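Below is one structure, written out as structure tokens, with a few remarks after it.
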Amino acid sequence: MPPSTLAALAQLGADLAVARLRRKESLKTWAARMGVSVPTLMRLEAGEPSVSLGVLATALWLMGRDAALATLATPQDDRGALELDVRQAQDLGKARVLATTQAKLKRASKQQ
4 MPPSTLAALA QLGADLAVAR LRRKESLKTW AARMGVSVPT LMRLEAGEPS
54 VSLGVLATAL WLMGRDAALA TLATPQDDRG ALELDVRQAQ DLGKARVLAT
104 TQAKLKRASK QQ
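Under my numbering, residues 4 to 115 are what the sequence shown spells out, in order.
Next up, the structure:
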């Protein structure tokens, strides 16, 4: 896993722990509300990548932040795909310019 991804998971876990503590919830109570074991909750808060997405989604639901999941991978924010779209548009533009230039040259040679 890329180091930046591991760091993001660690930060997410720490943020989830802070959210739980701000609500004055113990590990045991929060884990019970989530339907997971205390060790699983501890792994989530430690940012371990092996914790299931369902556990994360449940923690976000308890915080009232589960709607944020729907926007994590929206197409309009997919920079990689957007860059590919731009490159394809640029390639299409170059191809059209070349085709137009070739057509003009062909017409010009026929007129001579």
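In this text, a Cβ means the ideal position worked out from N, Cα and C, and glycines have one as well. On a predicted model such as this, the values are computed, not experimentally measured, just so you know.
Contact between L47 and L30 is ruled out by a C-beta separation of about 10 Å, above the 8 Å threshold. Rounded to whole angstroms, A98 and K107 show a C-alpha spacing of 14 Å.
About 24 Å separates the beta carbons of G83 and G50, which is beyond the 8 Å limit, so they are not a contact pair. Judged by their CB atoms, L19 and A62 are nearer to each other than the 8 Å cut-off. Out of S53, P78 and A60, the CA that lies nearest to the CA of G38 is found in A60. Membership of M45 in the alpha helix (DSSP H) is indicated by the continuous run V41 to E48. Taking a 10 Å sphere around the C-beta of R23, we find 16 or more other C-beta atoms and assign the residue as buried. Taking the C-beta atoms as reference points, R25 is found no nearer than 8 Å to L65. Rounded to the nearest whole angstrom, the C-alpha separation of V41 and P6 is 26 Å.
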